[in-house]
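Trainee: Sharing a structure with you now.
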């Protein structure tokens with residue numbers, strides 16, 4: 001497309017063009033630079049800043065204009081660095097991090113007046129088919145046709161409820177918005193804050209229009225994206241021989257206290273002292289089981305590893321692929337050496353631990369003996385909630401909501417032994433069967 005032209009994502013029909021024009025329109029400034037006019041930016045009623053979802057959509061629009069068909073988005077991770085101003089244009093800078101045969105990666109930075117307000121890492125892939133496939137069951141809720149939209153719910157409140165003039169004005173403002181997205185909450189009162197409830201909600205939504213190598217040194221490049229009083233952001237790129245092999249976006253914050261606080265309840269499982277380590281379990285297998293020489297050699301290799309992390313799975317047979325089960329696992333983990341009181345170092349060790357067992361949960365629904373041809377991490381996210389000590393036992397609760405088409409998603413939580421949620425994790429990876 002010629003520089004300076006107005007563009008949006010590749011469209012398959014006229015309707016998607018209308019939706020793109022409504023809030024995803026970008027102007028191409030250069031090969032990897034795009035601009036969103038302030039005229040198309042939307043600030044929701046009651047908000048000081050422009051809508052973050054629009055920035056996400058526009059950043060993806062910019063990225064899609066740098067990747068080839070038939071690549072489709074399979075994961076993204078982003079940070080909102082600064083509230084966006086809906087009266088100023090946004091410039092999107094796309095870094096073509098990697099173009100591969102199956103997977104392609106892009107880094108996108110959004111700026112206003114030269115100041116970064118948003119960054120995104122996005123990964124695209126070619127569709128594929130794999131016999132290993134599962135997913136969680138969809139919740140049972142009323143069909144959207146049985147529910148009313150949020151807008152209709154607000155109209156009904158204005159017509160039937162007695163309220164102050166200021167409250168009526170505040171609620172009426174929502175009806176003046178043009179958002180192009182229809183939402184139908186299963187529980188409108190809970191959704192709109194009219195009653196108290198569990199931190200869980202169900203809402204139907206739709207657009208209203210169509211739409212590395214271990215023998216080579218690694219160099220880490222740190223981009224000091226933003227230094228704020230409360231939040232600080234960094235972008236990190238790892239390269240080997242000049243070729244990017246890994247990118248990370250990290251956000252750091254000052255600890256603070258707020259009266260609004262909740263967390264899930266820690267699962268009830270046996271204490272780590274009642275369980276044996278993965279290494280001991282493998283030794284027991286080698287001593288007691290009949291197995292082929294090739295299997296014995298393969299399993300023995302695990303005992304030669306030194307990773308300084310001890311793991312004690314609640315169900316060793318399921319954890320080590322000796323029986324079939326649900327894509328959910330529990331494993332106690334701890335560093336085997338004293339780390340000290342440096343919380344930053346504790347978090348680094350937790351980052352190491354987080355990659356040990358996540359994707360393995362996705363293999364558990366496969367029949368015993370099902371061979372995996374290739375497994376590797378694609379993207380990885382962590383959220384740190386409370387302080388912890390990695391050399392003390394923490395429970396990793398891991399589940400895989402979906403697996404198929406050669407990739408799998410895993411979600412995890414790290415619990416302190418006293419029941420406090422310390423870390424949440426998410427990872428997507430390649431998981432291909434051996435065919």
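Numbering (the UniProt record's numbering), first residue to last: 1 to 435. Yeah, the Cβ is synthetic: ideal placement off N, Cα and C, and Gly gets one too.
Check each candidate in 164, 70 and 81 and name the one with the smallest Cα separation from residue 102.
Mentor: Among 164, 70 and 81, the Cα nearest to that of residue 102 is on 70.
Trainee: Quick check on this structure: which residue in 152, 287 and 391 has the alpha carbon closest to the alpha carbon of residue 176?
Mentor: The residue with the shortest Cα to Cα distance from residue 176 is 152.
Trainee: Between residue 81 and residue 118, how many whole angstroms is the CB-CB distance? I'm expecting something under 8 Å.
Mentor: Their Cβ separation, rounded to whole angstroms, is 6 Å, which keeps residue 81 and residue 118 in contact under 8 Å.
Trainee: Closest to residue 144 by CA distance: which of 168, 228 and 186 is it?
Mentor: Among 168, 228 and 186, the Cα nearest to that of residue 144 is on 186.
Trainee: Could you compute how far the alpha carbon of residue 339 sits from the alpha carbon of residue 352?
Mentor: If you take the alpha carbons of residue 339 and residue 352, they lie about 13 Å apart.
Trainee: How big is the Cα-Cα spacing for residue 221 and residue 166?
Mentor: Distance between the alpha carbons of residue 221 and residue 166: 52 Å.
Trainee: Just curious, the beta strand (DSSP E) that residue 29 is in, first and last residue?
Mentor: Where residue 29 is concerned, the enclosing beta strand (DSSP E) stretches over 26 to 30.
Trainee: On the three-pair Cβ rule with 8 Å, is the segment 269 to 280 touching the segment 303 to 315?
Mentor: Enough Cβ pairs lie closer than 8 Å, so yes.
Trainee: Taking the beta strand (DSSP E) that residue 95 belongs to, which residues open and close that run?
Mentor: Residues 90 to 99.
Trainee: Classify residue 380: buried if its beta carbon has 16 or more other beta carbons within 10 angstroms, exposed otherwise.
Mentor: Label assigned to residue 380: buried.
Trainee: Assuming the contact rule is C-beta atoms closer than 8 Å, residue 335 and residue 349 should be a hit. Round their C-beta distance to whole Å, please.
Mentor: Correct: roughly 5 Å between the Cβ atoms.
Trainee: Quick check: the segment 154 to 163 against the segment 27 to 36, are at least 3 beta-carbon pairs closer than 8 Å?
Mentor: With the cut-off at 8 Å, the segment 27 to 36 and the segment 154 to 163 do not touch.
Trainee: On the criterion of 16 or more Cβ atoms from any shown chain inside 10 Å, does residue 4 qualify as buried, or is it exposed?
Mentor: Low local confidence applies: a pLDDT of 45 at residue 4 is under 50, so the model's placement there is unreliable, with the coordinate-based value given in what follows. Result: exposed.
Trainee: CA-CA distance, residue 269 and residue 356?
Mentor: For residue 269 and residue 356, the distance between alpha carbons rounds to 20 Å.
Trainee: Decide yes or no for the touch test of the segment 35 to 51 against the segment 82 to 96: beta carbon pairs closer than 8 Å, at least 3 of them.
Mentor: As far as the Cβ criterion goes, the segment 35 to 51 touches the segment 82 to 96, which means the pair count is three or higher.
Trainee: Using 10 angstroms around the beta-carbon of residue 400, count the other beta-carbons present and answer buried if the total reaches 16, otherwise exposed.
Mentor: Under this definition residue 400 is a buried residue.
Trainee: By the three-class DSSP mapping on this structure, what secondary structure does residue 190 have?
Mentor: If DSSP states are grouped into helix, strand and coil, residue 190 belongs with the helices.
Trainee: Throw me the rounded Cβ distance for the residue 387 and residue 343 pair, which I believe falls under 8 Å.
Mentor: Yes, they are in contact, since the Cβ atoms of residue 387 and residue 343 sit about 6 Å apart, within 8 Å.
Trainee: Which one of 93, 358, 433 and 233 has the shortest CA to CA distance from residue 406?
Mentor: When only C-alpha atoms are compared, the closest one is 433.
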